[in-house]
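The structure appears below as structure tokens.
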Amino acid sequence: MKKAAVSHHEVEVRELRADPELAVAYLKAAMASLDDPEDRAAGLLALRTVAEAYGGLGAVAAEAGISRESLYRALSPRGNPTLKTLVAVLKTVGMRLSVEPEHRESA
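In our numbering, the protein residues as written are 1 to 107.
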């Protein structure tokens with residue numbers, strides 16, 4: 001009998017659900033990509049993965065007061081979520097938006 005294959009995404013969701021500190025570090029790293037229009041999809045998909053780990057997109061959308069369809073669109077590779085949506089989703093998964101100084105190399 002063959003063992004059912006588990007996708008990388010499913011393993012990732014399980015690990016993020018089991019380790020909130022990992023979820024924060026994962027999202028912090030991915031959110032840095034939002035600064036780069038060429039790499040913005042990575043940050044949005046990471047937030048989508050964290051939302052999946054914390055109850056699924058439908059439940060997160062309902063708790064955040066957003067329609068499920070709107071959340072799917074906002075957190076798609078070509079999404080462009082509003083600040084209100086980002087803050088609501090982060091709050092729903094137990095996180096918040098914060099600001100850090102940009103690390104620039106000195107000349």
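C-beta: ideal position from N, C-alpha, C; glycine also.
Alanine 5 (DSSP reduced to helix, strand or coil): Within the sequence shown, residue 5 is the residue found at index 5, counting from 1. Looking at alanine 5 - three-state DSSP - the assignment turns out to be coil, as it is neither helix nor strand.
With 16 other Cβ atoms within 10 Å as the buried cut-off, status of valine 60: Numbered from its first residue, the sequence shown carries residue 60 at position 60. Looking at its Cβ environment, which holds 16 or more other Cβ atoms inside 10 Å, valine 60 is buried.
Buried/exposed call for proline 81, threshold 16 Cβ in 10 Å: What you label residue 81 is simply residue 81 of the sequence shown in a count that begins at 1. That one is buried.
Below-7 Å beta-carbon distance, tyrosine 26 vs any chain B residue: Among the chains in the structure shown there is no chain B, since it carries only a single protein chain.
Nearest neighbour of serine 76, chosen from Leu34, Val6 and Leu22 [CA to CA]: Along the sequence shown, read from residue 1 onward, the residue named residue 76 stands at position 76. Ranking the options by Cα distance to serine 76, first place goes to Leu34.
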